[in-house]
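The structure appears below as structure tokens.
In my numbering, the protein residues as written are 29 to 246.
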């Protein structure tokens, strides 16, 4: 399953940024038809609003993807220690190119289900558009929780099912079969139940079939 996911993202590396950022007419139409017009650019800015502009702690970005959304934010946090992790070598190479020469940012290959970091390493763990692709989601929840410091912030956004029949059909019949998404997927209620086991819920929002939230580790 992991190899299928890696191959899927490697095959889409040349269109990945355009689809997420709606940088051409095809991607805009795709988002409008299948994702209820949800704008990942807007969600990204809301996600970043949870991270102070003067943040100087340690942060894990998993998966970093190509860093198409995070580049400018991470470059501005030059007093922070930022670790960008992805399972796909091709995605990671594109991210590394964007961060060349910035020593406060390191890019490493790894598996969110088996993170190589020690317990309570990071002040913030960020996961943008990742959990709907992770093959073992509960292990990913456990590992991101493990490496987060007590009182640290878990910030994320990803697909949830049950909000749009059209989106759910696309995810089931196209995106999952291609390896870009990996079932099972949570509903809003199921996600809240999982998060409440680990975190104090600070803020959670639904935009179409996407959820974004900010939680704090007890």
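Idealized CB from N, CA, C, for every residue including glycine. Small disclaimer: the values here were computed from a predicted structure and weren't measured.
Checklist entry - Considering residue 76, what are the terminal residues of the alpha helix (DSSP H) in which it resides? => result By one-based count along the chain shown, residue 76 stands at place 48. Unbroken alpha helix (DSSP H) run through residue 76: 68–76.
Checklist entry - Of all the options 63, 92 and 221, which has the alpha carbon lying nearest to the alpha carbon of residue 138? => result For this step, residue 138 is matched to residue 110 along the chain shown. When only C-alpha atoms are compared, the closest one is 92.
Checklist entry - Using a beta-carbon distance below 9 Å, is residue 243 in contact with chain D? => result Of the chains in the structure shown, none is chain D; there is only one protein chain.
Checklist entry - If you draw a straight line from the C-alpha of residue 36 to the C-alpha of residue 63, how long is it? => result Your numbering for residue 36 matches position 8 in the chain shown. Your numbering for residue 63 matches position 35 in the chain shown. Because the pLDDT of residue 36 is 44, which lies under 50, any placement of that residue in the model is unreliable, and the number read from its coordinates should be weighed accordingly. Approximately 20 Å between the Cα atoms of the pair.
Checklist entry - Expressed to the nearest angstrom, what Euclidean distance is found between the alpha-carbon atoms of residue 97 and residue 156? => result Residue numbering aside, residue 97 sits at position 69 when the chain shown is read from its first letter. Residue numbering aside, residue 156 sits at position 128 when the chain shown is read from its first letter. C-alpha separation (whole angstroms): 9 Å.
Checklist entry - So, helix, strand or coil for residue 219, using DSSP? => result Along the chain shown, one-based indexing puts residue 219 at 191. Judged by DSSP in its simplified three-state form, residue 219 adopts helix.
Item to check | Nearest residue (CA-CA) to residue 65, options 194, 90 and 200 | outcome: Sequence index remark: in the chain shown, residue 65 carries index 37 (1-based). It is 194 whose Cα lies nearest to the Cα of residue 65.
Checklist entry - With 16 other CB atoms within 10 Å as the buried threshold, where does residue 33 fall? => result Taking the first residue of the chain shown as 1, we reach residue 33 at position 5. Because residue 33 sits at a pLDDT of 48, beneath the cut-off of 50, its placement in the model cannot be relied upon, and the point is left open.
Checklist entry - Between residue 235 and residue 242, is the Cβ-Cβ spacing less than 9 Å? => result For the purposes of this step, residue 235 is identified with residue 207 of the chain shown, where counting begins at 1. For the purposes of this step, residue 242 is identified with residue 214 of the chain shown, where counting begins at 1. Not a contact, by the Cβ cut-off of 9 Å.
Checklist entry - Count the other CB atoms within 10 Å of the CB of residue 81; is the residue buried (16 or more) or exposed (fewer)? => result Counting from 1 along the chain shown, the entry for residue 81 is found at position 53. For residue 81, the number of other beta carbons within 10 angstroms of its own is below 16, and it is reported as exposed.
Next on the checklist: Tell me the residue span of the alpha helix (DSSP H) that contains residue 118.
Outcome noted: Position 90 of the chain shown, counting from 1, holds the residue named residue 118. 117–126 is the span of the alpha helix (DSSP H), which, as asked, contains residue 118.
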